[in-house]
Structure formats: structure tokens, C-alpha cells
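Residue numbers (our numbering), protein chains in the order written: chain A, 14 to 957; chain B, 20 to 107; chain C, 2 to 417.
In what follows, a single structure is set out as C-alpha cells and then discussed.
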Amino acid sequence: MSGSRHAELGRFIDRSQPRSFTFDGQRIAGFAGDTLASALLANGVHILGRSFKYHRPRGLWGMGADEPNAIFDVRLGQEHRPNQRATTTLLEDAMVVTSVNANPNAAKDRFRLMDRLHRFLPAGFYYKTFMALDWIRYEPMIRRMAGLGRVDPGYAPPADVPHLVAVCDLLIVGAGPSGLAAAHAAAQSGRAVWLVDDAAQLGGSLHRRGGQIDGADWTAFADATRYAVLNAGGRILCNTTVWGAFDHNVFSAWVRRLDGPDQHMRIRAAEVVVATGAIERPLWFANNDLPGVMSCEAALEFLQCYGALPGQRILIATANDASYTVASALAKAGAEVTLVDQRHDAPDADDITQIKSGILTAAKGKTHVQSAVVNGQDIPCDAIFCSGGYTPTVHLWCQSGGKLDWDADQDALVPRPGTSSLKPIGAAAGQFGLKAALATGHALFGNGNGPETDAVTPRAQAPVRPDPNLPGRQWIDMQNDVTLKDVGLAAREGFTSVEHLKRYTTLGMATDQGRTSNFAGLAAMAAVTGRTIPETGTTTYRPPFEPVPLSVIAGRRRGDLFNPLKRLSLEAAHCDMGARFREYGGWLRPAVYGVGAEADLAQKEAKIARDIAGIFDASPLGKLEVIGTGAGKLLDFTGYMRMSTLKPGRARYGFMLAESGIVYDDGVVLRLDENRFIVSASSSHVDGVRARLEDARQDRIGHRHVYIHDVTQGLVTLTVTGPKTLDVIAGAGIDLPDLPHMGVVETPLDGHFLRVARISFTGDRSYELTVPGRNAEGLRARLDASLKNAGGKWIGLEAVMILRAEKGFILIGKDTDGNTMPHDLGWVGPMNKRDDEYLGKRALFTPEGQSETRRQWVGLRVTGDAVPETGSHLIPTDGPRRSLGFITSSYFSPNLGRPIALALLENGRALVGTTVGCFNDGSVRNVEVVDACAFDPDWSRLNG
Amino acid sequence: MQQFPCPFCGLRNETEFHFAFEAGHPRPEPAKDVSDAEWAKYLYLHKAPKGKSSEIWLHLTCHEYFILHRDTVTREVLSCDVLPGAEA
Amino acid sequence: MQHYSAFSLARHALSHHKNWQSAWRKADPKPRYDAVIIGGGGHGLSTAYYLAKNHGMKRVAVLERGWIGGGNTGRNTTAVRSNYFYPESVALYDLSLRLYEGLSKELNYNIMLSQRGMLIAAHTPIQMEICNRIANAMQLNGVDGRLMTAAEAEEKAPLVNKSKGARYKCMGGIWQDRAGTARHDAVAWGYARAASAMGIDIIENCEVTEVFTSSGAVAGVETTRGKIQTERLGVAAAGATPGLVQMVGGDLPIHNYDLQAFVSEPVKPCLDTVLLYLGTGTYVSQSDKGELVIGGGLDRVPTHGQKGNLPTQETVISGLLEMFPAFAQLKLLRQWAGVVDVVPDSSPVIGPVGPEGMFVNCGWGTGGFKAIPAGGYLLAHLLATGEHHDISRPFDLNRFAQGRLIDEAAGSGIAH
């Protein structure tokens, strides 16, 4: 076919602004407003790609998201976008466009001989072959052949798409004639309408089909509608695709913008109108995939909107009246047109060569159409435009739960009333033609007569179906290379369910999402099995309506904004002190301070903390205030250890169990006065502990008797530890009251309160100093100066880990797992003694809870300086290898001068003093089972 | 994005809520009178009804548990209640 | 059964592929069977196959309410692996993987098992320690697993996010060489074809509406295609299993959730392994067709409706782009959801429930596809012998009363 540009037509292009790009290395000229498809068409480029399986030459079929063939990789400067549709990509200057699936280019493809092998490559051939060797031996070759475009490994599109949440009263999807009429009527009655269309301008099919509305050109009605919508407080969103219908009336929309990043909208709409039109069906004849075979509607669109005339000698094949407009428009534009209509009672076409009862059986030509076979006769032509009728675009209707009925009059599956709250109108409802579109749109919201038109209605059509008896190959799915013969094979092999057909042949699973092939597949299966279309069924419609960039769905949720970290109030100050940060349980915390190897720094910090003093930021530790007369009772239920017996001013260590008996969290509970407790929680368990406390509060104790308040975020806790702790605190000018171990007191400091709790996570004398966030820097500065004077050091979490491990203190989630019960950790008292109910109690007494093979908390002693790897498993020293448990923590202890390790070991406490094997990645060494506490076993340093 | 009604806060997005339990399963107590099987039934066995369901949900932002009646197939929300003893 | 091979394909090409027979017989229900299996997904079909092959039971029907393989078998992300922590889990999933390894030849149906390996990627030293715990457990249990370094991981997936601003850096993780993917539909069709060839009736569009018992034992089922008598009933119906068990007064420890999967437009090869990021919870592989196949966590709200929701889509896709920034060039092509049956310990329930003669194979949650051969093998053993196979015994329903849960997430800190 030869392309050309009509001198006048082309409402979308601006001839004063020439543009150019390259396609497979060839320079192509176009205009602003052109799509890649229209520019290529006008330039007579007809081979735009190669088919997936047989590498057949392929040209343009459609005009929008339905395009199966013209898929390109598009580069513009640094930007690279694979698999862009020629029909929906606006031409920009300097674009470098490459065809996919072709090597070296679409015109001369190295694999074009694949088509000769088609007999040996029927649908599903791979299920029957490639079994002699492992599949993975054949796979690399097949993978290289498959796929469309290429990802540019060096290009990471920016994460700049905003997610917008919107609420609207009335959403109208589609601004063709029916959508315009509905919007006009609704706006006139005062409704705030959101009118959304995926094209750049309102009008839909009117742009190509034209028409008179209320006695004037349709554009006047479109303008009036725009004015009415905006005037009533509505919105017009063009270049916007509503791609998904989700629960509770949420609709997702992809907004394309020329002047900024795209947008992702979640629109919650009270009422939704579906005015999405219909898609033209192809016709089925031999070689119906040849370049030059195109949809009638698309040909009209390219002519009217872009002035691109895709051929000179054109054959139009149809069985409906709608194609007649296309024929006369093409003839008027100067093409030589032959109209072939399958119907014997077809209307007369004035001034156009017409063949009634004409059946198109084949297209001929090597790389593009050269002739068509009609009723056995060759008709020379350079383009075939065909129409097999129309399929209503019911995606959103079906996504929202709507069902379909077969409407034999309209020869289409149409929305079944009452099955969805959405309101389909116009062609989407199977009401074809301008008159019906305007009438159904107006009827929803308007009174009296709607907009008038002189268009003829209804449009007559005859059903067209694939003919399995026709010789030659007829394509059902062009991108995935599925032919009518493949459908026949699938039927023979029992894949007659529509879903089986789809999966077996891959029909409808290409990037056009079956827009041209789903109905064809259904009709083909009906034809080869002798069933009706309603008997054959229909496939499910799911989001997205058309492929949506992943970058749009992901939005800005990446990097720092993906699961954002919690930050310390004193982060800047820690930074200034040389802290190196790392994530611990969702918080960004200092791992170590200073320059050098991290492991060395942690050793140094842990040593100084034992020898002199160390301070660490313990703010992320959860602090939940439990206040009220029922507080003690509540904590008795939620805790493994009783808390109601705690004296005011004292603290007690305890566990919270899950109902399954496992240790959910541990921490110290402080009792400040009779009715006020503070529950500490692991930094990553604050919300979970809170939820369990609330559960017990609301379900057992009663809302009125106790109140829970999470104060974690508002407070800063700095913990001072080590033999010089008292000196450091005194040097900071803090007058410390005399506190016993596990004592707590609140005193004023700098005009705020200071809570001092003498609690130790290191085994040395330690004080947790807690102040409101706004007073934190003051406290830090006082302590920092005094710490330096004393020769101590700020210590990071890595050193804290070593210090607590030297004492055999557990870290929940690291040293325990989802099977660890309190008695596994040595805390048997409450289990044996408590008569009252508490969370998790019953589960402790199940056979498994009382089993003698439970894994228990122990320490390990090794010879030599090599630290056994955390994650190593413990195995019997002889006999078959099996896991007896595993190392949960291991470090080199700078204070003991040797490695230490902690483990959960089957019946471990009974094994203290014996030797077990330690298995890591195939190698085994012997370790001695010892008590978990390796440092200062007589606890003399607590009061040191 | 489904929306659920919190009896205390009103209609909110599903991401603010956490499914806790099926409603109507009182905790069997005291522990010493509860068999292993009864405990397992309380803790683990569910109806997971296909259709109308009554469930306890937690509204994560106000920390209140409440009863939600909904349809697990159509996802229609039918109604909500406060827990017995609570006041909305 | 017609033999499939390159040679037979060529031979049939000469007759224009007109002489291929139906892959499985379209059977109508008979009044009575020795065993009836409810559920024509992978598990149900493989149960039928192993009943015939291992136990010689051929008067067996598989009842499917829709079309075979239409549930979670056809809705998953096709990963197969046995990178588990507990010996019980390893025994189960590695049996499955071993059966998968010979399955194409055994069934004479190419299930396209592609053992390209799988990496569970860690991002912090503590996660790496837990990965080491799992890798060692795998080795002790006789499965190929090892700790992979960051450099090796980058070699396996060169496009992972290495930028300074990455929220989760790939530090390496657990690698299993024998893990990979298989073509999900082919597994269902291959089992169906082989089972049908041995005489088993595969009955589609046949929904069970009632289970009959007689003096405490199974007597038969009522279906939309008539009444069927049987004394052995196997249920492998995923999310529909609780409803079937409730017909005979039993409850299961199951909640139903939607699990979504996503497919991108196809591109040339850019990812040659299966990768799961612990940080994002997103996992991805590239299919032979070139599509990225993407999965993530469960939807938040328990449901029986097969319909994915938007918040989870946004979470999973943003997770993918956090892992692979270059994939932001791609588009989402398809998305779907399956109703998965989730058990508190995320391990399956295999064994007797309710009346004598009734056995279930359910609760696979998000991991049923990889277990299809083992699930069928073990349910067939139960149906044929009435007794547990050693591998299925720990997965009996009685583990809940005993408190002997097999909780991988709890044991390893890594949810499967």
C-alpha cells in the first residue's frame, strides 16, 4: 500500500509544526499532533513489526489500545520505553523508534523463515515436545525468541507519579456522543460531573464520524457540554484512562500529562456512567494479518483526524451499514473504493463500486496487500479495510460485577440490567449509532427531548463468523499468532471451555488484551464446536482496562518513602557525634560511632562501656502508659508475670504471651503510683502489644476502668551504663535520688520531668533517663560533656548487642522464635504457680507445651578465637545428623576475650556441661553447652 | 479500597483496620477446665463463612475493637456494633 | 494415550493435526465409584493420578465445579521450591520437587519445569543470620540450599536496585539451585491426561452440593449432575474446602484471603531467577514468554470473592520497582486474584476429618502450586490405605489440639 497525506483533512495535526523521528533507522517526517502510527501510515511504511511466533510481517490494524501489531521501543533522550503502541504514542521530535521482535529490522527480519515451519508449530506444540532433555536446556533459545521490546538496564524512570484520592458524585467514563449527552443533561440539572476520556479531546467517535447535533456541527454540542460541566462545578479529564473498577465504588485512573509527571487517581464515585463505546471486530479470511488489512474505523480515524490516507485502491469488506460512511469518506478523499458487503440486501452505496453478497475469502500479497479474493475473483487493491461488527466495551461493567447477555439483534454480548450499579449507555450498552447514543445518554439525567440529530438509526448489520471450512490461515489473535486452525485443534483436544482455549492457545493474552481476539476466539470456538456464542461462554474482565505503567501504580512509594523508617529525635546530634546508622526493627539507629571497621568499633565501645561508662539512645523502646483502677488487673491478664503485686516506684521484668503460649514480647513494667503503670515494649512490637492490651481492656476489664496511652514517640530515653555511671550522671548536674535496682522515680529537670529507672540490659549498673522530646538535647548535652570527662563513650546498638549477650539476655525475635515459650527461657514460676487466667496460659499445657524435647535457652563455649556463625545448627556429636537447635546470637566478647554464643537447644538445660556438634555450611566443630550468662555470673557488677 | 464503619470514628479506608477474629467465640476458662480440643477449637477453628459474616475488627487509629457485619463474597458492609459493654 | 514427541508432532503435521485426540475424556458421572475426589485443580488431579498409578485404584472420579485447573492452579505465580526450615516441611516440599523433576517424562507432557534457582534476599545482618539458619537447616535435611553473598546475588539478578537511595539493599540471602518455575496449566492438564488414560473419570461442571453419611461413614455426594455413591471421599478444593467439611459438621482452621498476581507486558530476557525480597515482600520471575510474573502479600480483608484490590496492588508494584528501578519502564498487563485457604501456621492440613472415609488436602495458603505432586501423592495414600504416609502425618488436623504447629514464619522468621 502507499501512504499519503490528504491536503486538508486532519483535525488533530498542526501542519505549521513539522516533527521527525526515526523508525528502524529510517527518518520519518510528521507533524505535531501525529501519533507514530499516523506518521508512519502517511509515509507509506507498511511493515511495522513481526509476529510473535511465525515472524510474519505485520502492519497497523487499529487506532488505540486495540492495536496488536505496531508495538515499538521508543527512546527519547535518556528516556526509554519498551512496548509502546504506535497508535497511542504522540510523535515527539528526535524520537528513536525501533520495531520489536525483529532482527535487524521489521522489513528484513532474520527469522522470517519461521513462517515456513508453521505446520510444526501449532498451538501448544511445546506441551508435546522438548521432553528429551530437561526443559531448561531448550529454554534459553525460546526465551531469546520470545518477549517484545527490551528493558534498558541503565534507565530508571523517576518515582514522581503522585497518587491522588478523589471523591465525586457522578463519574462519566467516555466523552463520545453518549457520554457528552449524559454529561450535558446531568450538568444542566445541576450535578457536578466528572467527565473522563482517554483521548486528548472530547468527542470520541464524533471526531472521525462527524455529525450534526441540534442543527449544528457536533463540536458546538461538545463545547456546550464542556461549558455546562465546568459551570456546574464538574471536571473534565482528558488523556485519562479509567482502568479499574474496585470494591466500594473505587475507580482507578491513569492521567497522562504533557507538562508534568503522570498521575494515579483513586476516584470514589457515588454514581458511574459507562460510555466507553464499542470496538470494531475484524473479519476472518486467509492472510487477514497482512499489512494493509485494517479496521474500517481506524482507517476513517487516520483519514479524518490525521489526514493520513493508507492506500489508493481500497477494498472495504463489511456486513454492516457503519462501514458505508467510511467508504464514502475515503472516496471523497480521492481513493478508489470497492465496497464488498456480505449481505444480499445491503443498502445501495451511491457512486461507489459495490459488490453485494460478496464474501472476502483471502488477501494476497507477500509483504503487503496486493489483491483480495472476493467470491472467487481477484480484485487488485493496496489496502483492505474490514468490519466484522462491533463489540461493546464492557470492561468496567464486568469488573464491577456486571453480567452479560447475548443480544442477537445487536449481535453482541451486552450488559444485563440489574447486575451492576454502573449505568451503561450508547454503544457500550449495545445501542449503536449516534441517535441511540445521544438518546440513551440524555435519558439518564435529562427531561423531555434530548439533543436532536439527523443521523439514521438503527444501523443494520448481519452477523459475521469465522468459517472453519475456508482454506488458508485465518488469524484470530494477531499478536500471539493464533489461527482458526489452532482453535480447531484446541477443540479437538478438549480445550473447549473458553478459559481453557485462552490458556492453551494464548489467545487474547497479548498486550492488546484480546480486544480484537476475544470475540473472535469465542465465535471461532462456537463455530468449530457447533455451539452458540452464549453456550460457549465469555472470559472474565479484570483490571487493567489497558496496560498501565508500573511507575503509575507504584507512585512515589520508593526509597525513603517505601516503608518509611522511624527516626530518633536526636538523630542530628548522633550524626554530629559520628554515628553510623542502620535499621533496627523499623528504626534508624546508631550502629556504631566513629571511623573504621564497624566490628572493631563495636568491640571498642563494648569494652569501654564495661571498663568506664557508655551511653546509648534507647528511645525506640515502647512506652505504653496504662492508667486507672483496673490497670493492675489488666496487666495481670496480659502478662505472664503478675504486675498487680508490684510496689509503686518499682519495676519488674515480664513477658507478654500470645494465646498460643509463645513469648510475644518482653520488657520491664514500671509502676509509678497505685493506678499508673508504664509498659515497655520491643521497638518493633509497640503496636502489637498495644493491640493486645486494648483487647483485654475492652473485652475483660471495661473501658471505664483503665486507659492506655502510647507515649513512645514523645519521649527520649538515654541509658547510662557501666561502673562510672554514677559519676557521669552526677557530672551532668543531675541530682540522682538513691534508687535500688529496679527502682523508678520522676524528678524535675530543666523545667520538665526526668524519669529515672534503674534497669539494666547490660548487667552493669545502669540508669534509663527519660525526658520529653523537647528537653532531649539539653539532657544529651549535659551527659555528653560529663561522659567525655569520665573517659566513657557513646555506644551504638552493635555494642549493646554484645553487652546483653555477655549476660545471656534475650532479644525477642532474634533469640526467640515463634515456638519459644516462657519456660523454655527458664521462667517456670508463673506457669507452675499462677491460678488466675492470663494470656497464653492454656496453650502452655498442651502436649507440645509440656514436651520434653522443647528447645531451651543455653549458652555455648568454644575453644579458639573463631566465633561460631549465628544460624549454625547444633547436632549430635555422633549418630545421624539432625538439628537439635541453632545459634541465635554469637559475638566475640571483648570483656571475656573469647567468643560467646547463645542458642535454643533441644532439652538444652539438661545438656549443660556436655558437648554438641555445631554445623555450618557443611563444616562441624564441637561446642560445650553452658549457662547462658557468660559474664559476671554472680551479678556483682549490678551494684558496682 | 473498601471502606468500613468504625462505630467511634465513622467510615474509613480498609487500610486503617485489622481483622481480629470471627465474632461469637467466648474464651473458654478457667484453663484447667478446658480440654486441648476445646482450646484448639477456640483458638484455631473457624467458620470462614461464604456470604454473611460477623467479625471483630480493630480500628488501628483509635484502637477500638468492634463488630462488623459484612458479606465476604460481595464485600457489602451490612452494619457495625460496639462490643458489649462499650459506648460509641 | 497418544504419545507426544517431536516425531509425533511432525507426523500429525502431515495430517494437519486433524487426528489429535482429546487430552482427557469428557466423562459423565457414574452412579458409584471406589473413591471420589472433590476439586479438579492440580491437587485433585494428581491425587487421581497417584491413586491409579501407586494404588491401582481406577474406579475413581474427580469432580470439578467449573473447568479443570481453573482455581488456584491456574492463578499462581508458578514458583516451585523446597527452601523450608522444619524437617517436616522439607520432607513434604522436597518430595514434591523431586516428583516435579521427573514429571514431564512421567506424564509425557511438558510441564516446562525451569530450575533456574531462587533467591530469598536479605537486607540486614540480622536477616542474613536468619537466612544462614534456614540454609543450614536445609542442608541438614538433605536439600540443596546455601547462603548466597551479595556479589553472587547481583550476578543472578543484575538489575537489582544498587542505588544509594535504595530502601532495601540486597545483601545476599538463601539460594536454592533446584527451585524455579513450572507451567501451571500444564501441570493440571498433564495429570488430567495421564489419569484419564488410566481410566479415571474427570467430570467438569459438576458441583458437590451435599455430602451423605451413613452411620458415621461417608456414603456419597449429591452433585449438580446427580447423586454419586462412594465410601472414600477426598477433598482438595482449596477455599471451598471449609464449606464442604461444614456439610458434615466439621470446622477447619482456615481463613480465606485473596492473593493477587500480576503480569507485565513481555520483554526480552532481563531476569533469570526467581527473587523474593524480604523487605518488600514482593517476588518476581520472568516467564518464557517474557512477561514478569509478580506476587506479594495477601489482601487485608478475608474474602471468598476472587477480586484483587487496589491498595495491595500499589504495595506490591511499588515493592517491585524498589527492587528493580528499571522495571518502571514496563506496564502492567494483567492482574488476577485467587482465594487462598490460610491456616494459622501456614502449613497444610492433610488427613482425615469428619466421617470415616473423608480426607482433606487443604490449607496450602499461598504455596499450593509447588506442592501439587506431593499433595496428590499423600492424599492418594490416605484414600487408598486409610492411613497416613509418614510425610503427611505431622500435617494432620490433630496438631492444633496438641499445640504442635509447623509454623515456618515462626521458626525461621520468614513467611512462606
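For every residue, glycine included, the Cβ atom is placed at its ideal position computed from N, Cα and C.
Please read these numbers as outputs of a predicted model, since none were measured by experiment.
- Here A/Val110 is buried, its C-beta having at least 16 other C-beta atoms within 10 Å.
- One finds Arg134, Asn137, Ala138, Gln140 and Leu141 in chain C with Cβ atoms closer than 9 Å to the Cβ of A/His886, taken in chain order.
- Judged by beta-carbon spacing, C/Thr79 lies within the 8 Å limit of C/Thr182, meaning their Cβ atoms are closer than that value.
- Pairing A/Arg32 with A/Gly43 gives a Cβ-Cβ distance under 8 Å.
- Under the DSSP assignment, A/Met669 falls in the beta strand (DSSP E) whose first and last residues are Arg663 to Leu670.
- Pairing C/Ala381 with C/Tyr94 gives a Cβ-Cβ distance that is not under 8 Å.
- Contacts with chain A at 8 Å (Cβ-Cβ) include C/Glu323.
- Among the CB atoms of chain B, none fall inside 8 Å of the CB of C/Thr281.
- At the C-beta level, A/Thr551 and A/Val500 stay beyond 8 Å of one another.
- B/Leu97 and C/Phe263 have their C-alpha atoms spaced approximately 31 Å apart.
- Counting C-beta pairs with one atom in each stretch, the region 868-886 of chain A and the region 579-598 of chain A have fewer than three that are closer than 8 Å, which means they do not touch.
- Annotation for A/Met158: the continuous alpha helix (DSSP H) segment containing it runs Trp148 to Met158.
- Residue nearest to C/Ser105 within the set C/Arg394, C/Arg405, C/Arg184 and C/Leu234 is C/Arg184 (criterion: CA-CA distance).
- Only residues of its own chain outside the window of five on either side were considered, and among them Ser308, Cys309, Glu310, Ser400 and Tyr403 have a CB closer than 7 Å to the CB of A/Glu293, listed in chain order.
- Rounded to the nearest whole angstrom, the C-alpha separation of C/Asp252 and A/Thr859 is 20 Å.
- Contact between the region 73-93 of chain C and the region 332-346 of chain C is present: three or more C-beta pairs spanning the two stretches fall below 8 Å.
- In the structure shown, A/Lys737 falls within a coil segment according to DSSP collapsed to helix, strand and coil.
- Annotation: A/Asn82 to A/Leu520 spans about 14 Å, alpha carbon to alpha carbon.
- If only uninterrupted beta strand (DSSP E) runs of at least 3 residues are considered, those enclosed by the region 610-671 of chain A are 627-630, 635-640 and 663-670.
- Here A/Gly290 has Gly187, Gly189, Gly217, Ser218, Thr406, Gly439, Ala440 and Ala441 as same chain residues with Cβ atoms under 7 Å from its own Cβ, once five neighbours each way along the sequence are excluded.
- Contacts between A/Lys854 and chain B, judged by CB atoms closer than 7 Å, involve Ala50 in chain order.
- Of all residues in the region 71-101 of chain A, none is placed with a Cβ closer than 8 Å to any Cβ belonging to chain B.
- Its chain contains Ser73, Leu97 and Ser98 as the residues whose beta carbon lies nearer than 6 Å to that of B/His88, once the 5 sequence neighbours on both sides are disregarded; these appear in chain order.
- In this structure, A/Lys369 and A/His357 form a Cβ contact; the two beta carbons are roughly 6 Å apart against a cut-off of 8 Å.
- Membership of A/Cys181 in the beta strand (DSSP E) is indicated by the continuous run His176 to Val186.
- Straight-line measurement puts the Cα of A/Val180 at about 32 Å from the Cα of A/Gly446.
- Residue nearest to C/Asn109 within the set A/Arg123, A/Asn118, A/Leu134 and A/Tyr139 is A/Tyr139 (criterion: CA-CA distance).
- Restricted to the region 292-335 of chain A, the beta strand (DSSP E) segments that are unbroken, complete and at least 3 residues in length are 306-308 and 326-331, listed in chain order.
- In the displayed model, A/Pro171 falls within coil according to three-state DSSP, outside both helix and strand.
- At a cut-off of 8 Å between beta-carbon atoms, C/Thr125 makes no contact with chain B.
- With the rule of 3 Cβ pairs closer than 8 Å, the region 656-663 of chain A does not count as touching the region 620-635 of chain A.
- The alpha helix (DSSP H) runs lying completely inside the region 48-109 of chain A and spanning 4 residues or more are 49-55, given in chain order.
- Using a Cβ-Cβ distance cut-off of 8 Å, the region 263-279 of chain C and the region 66-85 of chain B are not in contact, since fewer than three pairs of beta carbons, one from each stretch, lie closer than that value.
- Two segments are said to touch when three or more pairs of C-beta atoms, one from each, lie closer than 8 Å; by this definition the region 320-333 of chain C does not touch the region 349-362 of chain C.
- Under the criterion of beta carbons closer than 8 Å, A/Leu183 and A/Ala283 qualify as touching, at roughly 7 Å.
- Looking at the backbone, the Cα of A/Thr432 and that of A/Pro556 are separated by about 18 Å.
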